Ligand SMILES: [Zn+2]
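Residue numbers (our numbering): 1166 to 1598.
Put into structure tokens, the structure is as follows:
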């Protein structure tokens, strides 16, 4: 049996090489759909293409609209002995980072007209992550064309909204799609990545009365007699308190695999004041908070609230005008907020040892495991109980950048490792679970 398996894997790996042109064409096709987010709402066509591809690979496809013009796909092929054998979920997002107007002239080729030059594929999304998604689709197609029936289930999610916090992946989880192991094919330079988490939040300071600019003397100088304050100046005090907390976190918290102080609190956007003729009566600060895998988004939000409320209670004006908080959100476009849960890597998981073996064979180098400071949808899969890794082709330095690119030899090797991994893991019997 083992020998037969090895022969199957051998011939699958050979097929990846022989059908390389087809793989490049597939990834190029995916890149040619300008699925930029924001503005998003532009994935109907690419998802129709992917749906057709998956059906041709023998998968059952569930497709639904998440926002008008944006579609998610969850596809599944049931295994022939599915209760006894391991299942695998592959995940990739179809949206890509926006191409800014001023950067367009710096691109060698038009971002959505993919081109190959010296074994490098150029185009928006080549690294993040139409290369990885294309490899997943191609691997499923190869298995199908080989007439291989896996014993365990294999699932593929092609989701929208990853770039703008709309977590199509979370919707797939809510619809009940799950597996024994989950692999996000997002940019990781063919290493295994876990990640810290991210939550955004709005902090608001608001006065209950609005004062004219001419009253400032009465508000701030001896004998003025007017009790009031500038919301902007009070926010400055809260920003200083956030820096204190950030430093405290850097000193007291840590997590293996992260440089100390990765758990930052970034005052990213500030809005406030109405006109130079007024004292600012409202100020809103948008923060980005990074946290470690042993913390939850809710916990760090609570810590920030407690610290800022204590700061405010020690201030003569803020104590009667306590700041308010809005945490997270379901979309950077719709409600200006997002959450990406963290996930760590279970190094003892049997699926990871399978991946280590196939990776070593294909890349002739050991599989590296590290924690990423970047985030993707994998956090949601972990949040819904799946042991999860990020493992995909492409470099983070190229993701979202000018002349985004993917090395074709890396893509080919990745696809080989992936198809061998799917074959082996989905034909591995569950043990005592
Ligand atoms: Zn990505």
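We put the beta carbon where it would ideally sit given N, CA and C, even for glycine.
Since the model is a prediction, treat every value here as computed from it, not as a measurement.
Requested in this report: Find out if the Cβ-Cβ distance for the pair residue 1346, residue 1497 is shorter than 8 Å.
Outcome: The residue labelled residue 1346 in the question sits at position 181 within the chain shown. The residue labelled residue 1497 in the question sits at position 332 within the chain shown. Not a contact, by the Cβ cut-off of 8 Å.
Query - Any beta strand (DSSP E) of 3 or more consecutive residues that is wholly inside the stretch 1186–1231 - result: none
Requested in this report: Keeping to the same chain, check which residues put their C-beta closer than 8 Å to that of residue 1291; ignore five residues upstream and five downstream.
Outcome: Position 126 of the chain shown, counted from the first residue, corresponds to residue 1291. Counting only Cβ-Cβ distances below 8 Å, and skipping sequence neighbours, we find 1192, 1196, 1279, 1559, 1563, 1569, 1570 and 1571.
Requested in this report: Following the continuous alpha helix (DSSP H) through residue 1543, name the residue where it begins and the one where it ends.
Outcome: Your numbering for residue 1543 matches position 378 in the chain shown. Residue 1543 -> alpha helix (DSSP H) spans 1543–1548.
Query - Ordered list of beta strand (DSSP E) runs contained in the stretch 1321–1396, each at least 3 residues - result: Fully enclosed beta strand (DSSP E) runs of 3 or longer: 1346–1349, 1357–1360 and 1362–1371.
Requested in this report: Mark residue 1553 as exposed unless 16 or more other C-beta atoms lie within 10 angstroms of its C-beta, in which case mark it buried.
Outcome: Taking the chain shown and counting its residues from 1, one reaches residue 1553 at position 388. Under this definition residue 1553 is a buried residue.
Query raised in the report: Is residue 1584 closer than 8 Å to residue 1348 when the C-beta atoms are compared?
Result: Taking the chain shown and counting its residues from 1, the one referred to as residue 1348 is at position 183. Taking the chain shown and counting its residues from 1, the one referred to as residue 1584 is at position 419. The answer is no: Cβ separation not under 8 Å.
Requested in this report: Give the range of the alpha helix (DSSP H) segment to which residue 1432 is assigned.
Outcome: The residue given as residue 1432 occupies position 267 in the chain shown. Taken as a continuous stretch (DSSP letters only), residue 1432 belongs to no alpha helix (DSSP H), being part of the beta strand (DSSP E) at 1430–1437.
**Report entry** Classification of residue 1358 by the beta-carbon crowding that lies within 10 angstroms, buried from 16 upward
**Finding:** Here residue 1358 corresponds to residue number 193 of the chain shown, with the count starting at 1. Buried is the call here.
Query raised in the report: When the Cα of residue 1375 is compared with those of 1236, 1397 and 1443, which residue comes out closest?
Result: As a first step, residue 1375 must be located in the chain shown, where it is residue number 210. Selected option, being the one with the closest Cα: 1443.
Report task. Any chance you could list the residues with Cβ under 6 Å from a heavy atom of ligand 1, keeping chain order? Result -> 1258, 1293, 1294, 1327, 1351, 1352 and 1541
Requested in this report: Could you check what DSSP says for residue 1567 in three-state terms: helix, strand or coil?
Outcome: The residue given as residue 1567 occupies position 402 in the chain shown. Residue 1567 falls in the coil class under three-state DSSP.
**Report entry** Cα-Cα separation between residue 1249 and residue 1595, rounded to whole angstroms
**Finding:** For the purposes of this step, residue 1249 is taken as the residue at position 84 of the chain shown. For the purposes of this step, residue 1595 is taken as the residue at position 430 of the chain shown. As the crow flies, the alpha-carbon of residue 1249 is around 6 Å from that of residue 1595.
Query raised in the report: Quick one: is residue 1296 buried, meaning 16 or more other Cβ sit within 10 Å of its Cβ, or exposed?
Result: Here the question's residue 1296 lines up with position 131 in the chain shown. So residue 1296 ends up on the buried side.
Query raised in the report: Since residue 1467 sits in a beta bridge, which residues does DSSP pair it with?
Result: If you number the chain shown from 1, residue 1467 lands on position 302. In DSSP, residue 1467 forms no bridge with anything.
Query raised in the report: DSSP beta-bridge partners for residue 1301?
Result: Position 136 of the chain shown, counted from the start, is the residue given in the question as residue 1301. Paired residues: none, contrary to the question.
Query raised in the report: CB-CB under 7 Å to residue 1470, same chain, minus the five flanking residues each way: which ones, in chain order?
Result: By 1-based counting over the chain shown, the position of residue 1470 is 305. These residues qualify, in order along the chain: 1490.
Query raised in the report: Which residues does DSSP pair with residue 1453 in a beta bridge?
Result: By 1-based counting over the chain shown, the position of residue 1453 is 288. Paired residue(s): 1365 and 1431.
**Report entry** the stretch 1451–1462 / the stretch 1497–1517 touching (three or more Cβ pairs under 8 Å)
**Finding:** yes
Requested in this report: Measure the Cβ-Cβ separation of residue 1242 and residue 1318 and say whether it is below 8 Å.
Outcome: Within the chain shown, numbered from 1, the residue matching residue 1242 stands at position 77. Within the chain shown, numbered from 1, the residue matching residue 1318 stands at position 153. A contact, by the Cβ cut-off of 8 Å.
Query raised in the report: Roughly how many angstroms lie between the CA atoms of residue 1332 and residue 1277, to the nearest whole one?
Result: Counting from 1 along the chain shown, the entry for residue 1332 is found at position 167. Counting from 1 along the chain shown, the entry for residue 1277 is found at position 112. Residue 1332 and residue 1277: Cα-Cα distance of roughly 24 Å.
Report task. Reducing DSSP to helix, strand and coil, say where residue 1272 ends up. Result -> Numbered from 1 along the chain shown, position 107 holds the residue referred to as residue 1272. In this structure, residue 1272 counts as coil in the three-state DSSP scheme.
Report task. Evaluate contact between the stretch 1298–1313 and the stretch 1173–1189, counting only Cβ atoms and requiring at least three cross-stretch pairs below 8 Å. Result -> yes
Requested in this report: Could you give the DSSP three-state label for residue 1235: helix, strand or coil?
Outcome: What you label residue 1235 is simply residue 70 of the chain shown in a count that begins at 1. Reduced to three states, the DSSP call for residue 1235 is strand.
**Report entry** Which listed residue (1203, 1201 and 1240) has its alpha carbon closest to that of residue 1217
**Finding:** Residue 1217 sits at position 52 when you count from the first residue of the chain shown. Per the Cα distances, 1240.
**Report entry** Range of the contiguous alpha helix (DSSP H) that encloses residue 1482
**Finding:** The count along the chain shown starts at 1 and reaches residue 1482 at position 317. Segment: none, residue 1482 is in no alpha helix (DSSP H) and carries neither H nor E.
Requested in this report: Assign residue 1251 to buried or exposed, taking buried as 16 or more other Cβ atoms, counted over all protein chains shown, within 10 Å of its Cβ.
Outcome: Looking up residue 1251 in the chain shown gives position 86. Flag for residue 1251 reads buried.
Query raised in the report: What is the residue span of the beta strand (DSSP E) that residue 1287 lies within?
Result: Counting from 1 along the chain shown, the entry for residue 1287 is found at position 122. Unbroken beta strand (DSSP E) run through residue 1287: 1285–1287.
Query raised in the report: By the 10 Å Cβ neighbour count, where 16 or more other Cβ atoms means buried, how is residue 1360 classified, buried or exposed?
Result: Here residue 1360 refers to the residue found at position 195 when the chain shown is read from its first residue. Per the 10 Å Cβ criterion, buried.
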